[in-house]
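*Asks:* Numbering (UniProt numbering), first residue to last: 1 to 178.
From the three backbone atoms N, C-alpha and C, an ideal C-beta is built for every residue, glycine too.
Since the structure is predicted, the reported quantities are computational estimates derived from the model, not experimental observations.
To start, I am sharing the structure in question, which I have written as structure tokens.
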Amino acid sequence: MGIQVQEVPVEAHNSIGKVERYHGPLRRAFNVIAADLPGTREDLILQMAVKAVNDTSGPNGLVPTLLVFGTYPRLTDESPPAPGITARATAIRKAMVEVRAEKAKHQVSDALGMRNGPSISDTLELPLQSEVKVWREKKGWRGPFVLLARDSNTCTVDINGKPTNFRITVVKPYHRDD
1 MGIQVQEVPV
11 EAHNSIGKVE
21 RYHGPLRRAF
31 NVIAADLPGT
41 REDLILQMAV
51 KAVNDTSGPN
61 GLVPTLLVFG
71 TYPRLTDESP
81 PAPGITARAT
91 AIRKAMVEVR
101 AEKAKHQVSD
111 ALGMRNGPSI
121 SDTLELPLQS
131 EVKVWREKKG
141 WRGPFVLLAR
151 DSNTCTVDIN
161 GKPTNFRITV
171 VKPYHRDD
């Protein structure tokens, strides 16, 4: 048992976004709670924001709090909540509504932006040591470079004598003009 690190290839913005996209709902919940409870310490606001996000359905429809505890924690009827607790609960409820709205907006955006990826069959059929061209963010298609290795998602290309990993979707065969 241990940690496995999966290296993200050069200029693979879509992979980097998978990590960072979960910060949006937390930031939104933090801002809503901070607006509702001015003067509250930031660490307490962060704690409430994390609770709001954890009590809201995630990307797969699962609620983290329910997975861990099997139920939402409840206050007993014998001890009425203090006014501060009531204000915090109201702020957390508002934040949860905002997080749900943010999630719905994100799902619609993902659905509208979904497209079929570029065809990679030509790249998969290339023998090693073939000449390829590579898409660079600011420079466009550049090449020829030599294909050193390939697996299902990543191509290793010799760039100026240095092996560099790229997503297979940004590597194409290089055809010389004869």
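In whole angstroms, give me the CA-to-CA distance for Arg167 and Pro127.
*Replies:* Against the sequence shown, residue 167 aligns to sequence position 167. Against the sequence shown, residue 127 aligns to sequence position 127. One C-alpha to the other measures close to 17 Å.
*Asks:* If you draw a straight line from the C-alpha of Thr164 to the C-alpha of Leu112, how long is it?
*Replies:* Translated into positions along the sequence shown, residue 164 becomes position 164. Translated into positions along the sequence shown, residue 112 becomes position 112. So the two alpha carbons sit approximately 32 Å from each other.
*Asks:* How is the beta strand (DSSP E) around Glu131 delimited, first residue to last?
*Replies:* Within the sequence shown, numbered from 1, the residue matching residue 131 stands at position 131. Taken as a continuous stretch (DSSP letters only), the beta strand (DSSP E) holding Glu131 covers Glu131 to Arg136.
*Asks:* Take every Cβ of the stretch 91–102, pair it with every Cβ of the stretch 22–40, and state whether three or more of those distances are shorter than 8 Å.
*Replies:* Flag = yes, the stretch 91–102 and the stretch 22–40 touch.
*Asks:* So, with DSSP's three-state summary, where would you put Lys162?
*Replies:* One-based indexing of the sequence shown puts residue 162 at position 162. In the structure shown, Lys162 sits in a strand (DSSP, three-state: E or B).
*Asks:* DSSP three-state label for Val68, please.
*Replies:* Your numbering for residue 68 matches position 68 in the sequence shown. It is helical.
*Asks:* Beta-carbon separation of Gly171 and Val146 under 7 Å?
*Replies:* Position 171 of the sequence shown, counted from the start, is the residue given in the question as residue 171. Position 146 of the sequence shown, counted from the start, is the residue given in the question as residue 146. Position check: residue 171 holds Val in this sequence, whereas Gly was assumed. The answer is no: Cβ separation not under 7 Å.
*Asks:* Taking the alpha-carbon positions, what's the Gly58 to Ala29 distance?
*Replies:* Here the question's residue 58 lines up with position 58 in the sequence shown. Here the question's residue 29 lines up with position 29 in the sequence shown. Taking the straight line joining both Cα atoms gives about 14 Å.
*Asks:* Can you tell me whether Lys105 is helix, strand or coil according to DSSP?
*Replies:* On the sequence shown, position 105 is the one that residue 105 refers to. Helix, per DSSP.
*Asks:* Given this structure, state the Cα-to-Cα distance separating Arg150 from Val63, to the nearest angstrom.
*Replies:* Locating residue 150 in the sequence shown gives position 150, where the first residue counts as 1. Locating residue 63 in the sequence shown gives position 63, where the first residue counts as 1. Their backbone Cα atoms lie some 38 Å apart in a straight line.
*Asks:* Determine the burial state of Thr90: buried for a count of at least 16 other Cβ atoms within 10 Å of its Cβ, exposed for fewer.
*Replies:* Taking the first residue of the sequence shown as 1, we reach residue 90 at position 90. Exposed.
*Asks:* Select from Ile85, His175, Gly61 and Ile92 the residue whose C-alpha is nearest the C-alpha of Asn31.
*Replies:* Locating residue 31 in the sequence shown gives position 31, where the first residue counts as 1. Nearest option by C-alpha distance: Ile92.
*Asks:* For Lys172, name the three-state secondary structure that DSSP assigns.
*Replies:* In the sequence shown, counting from the first residue as 1, residue 172 sits at position 172. Three-state result, Lys172: strand.
*Asks:* Please classify Met48 as buried or exposed, where buried requires at least 16 neighbouring CB atoms within 10 angstroms.
*Replies:* Reading the sequence shown from its first residue, position 48 is the one you call residue 48. Classification of Met48: buried, given that the 10 Å Cβ count is 16 or more.
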